[in-house]
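Just so you know, we're using this note's numbering here: the sequence shown kicks off at 97 and counts up by one. All residues carry an ideal CB built from backbone N, CA and C; glycine is no exception. Reading through the structure tokens given below for one structure.
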Amino acid sequence: MAEGGARRAAGTLESKIMAVLQRAGGPLTTSAVQARLGEELAYTTVVTILTRLHAKGLLVRAKEGRAYSYAPVSDEPGLAARRMRAVMDGRPDRATVLARFVDSLTDQDERLLRDLLEGA
């Protein structure tokens, strides 16, 4: 950690940048993301986080002149679903993980899940 706790966790910055891009309603360049964050983050820091998010498959990017513009691949519910799927895909005991997840659902969520599965 940097002196005085000035260094932020990458996950926190990733979340903030994802929120900016979700609210934007369209692709943004690195400079636009940096400006909308309203924080004193170095341009290179924003580039690094955007590059990491793109590498994780959370963002698409397109060349705009000499720069890239970035946009989320999905909305917030879609991103949450991708994270849940990634957790399941990373476990050898997939059935156990899924069973524990279902056991933890409220009655209302369980009914919703049943309705969704029956309608699929």
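Beta-bridge partners of residue i, as assigned by DSSP
{"i": "Y164", "result": "K159"}
{"i": "L209", "result": "DSSP lists no partner for L209."}
{"i": "L124", "result": "Y166"}
Beta-carbon separation (whole angstroms), residue i vs residue j, contact threshold 8 Å
{"i": "M114", "j": "P168", "result": "7 Å"}
{"i": "V116", "j": "L137", "result": "Their Cβ separation, rounded to whole angstroms, is 11 Å, which puts V116 and L137 out of contact at 8 Å."}
{"i": "E172", "j": "Q118", "result": "6 Å"}
Cβ pair residue i, residue j closer than 8 Å
{"i": "T125", "j": "Y139", "result": "no"}
{"i": "M184", "j": "V198", "result": "no"}
{"i": "R178", "j": "S170", "result": "yes"}
{"i": "P123", "j": "A176", "result": "no"}
{"i": "L201", "j": "L209", "result": "yes"}
{"i": "E110", "j": "L155", "result": "no"}
For residue i, the nearest candidate out of the options (CA to CA)
{"i": "L146", "options": "L194, Y166, G122, R162", "result": "Y166"}
{"i": "Q130", "options": "G122, K112, G121", "result": "K112"}
{"i": "A163", "options": "A151, G153, A128, A191", "result": "A128"}
{"i": "G174", "options": "R190, G161, G153", "result": "G153"}
Note to self: List, from N- to C-terminal side, the alpha helix (DSSP H) runs of 4 residues or more that fit wholly inside the segment 173-210.
What the structure shows: 190-199
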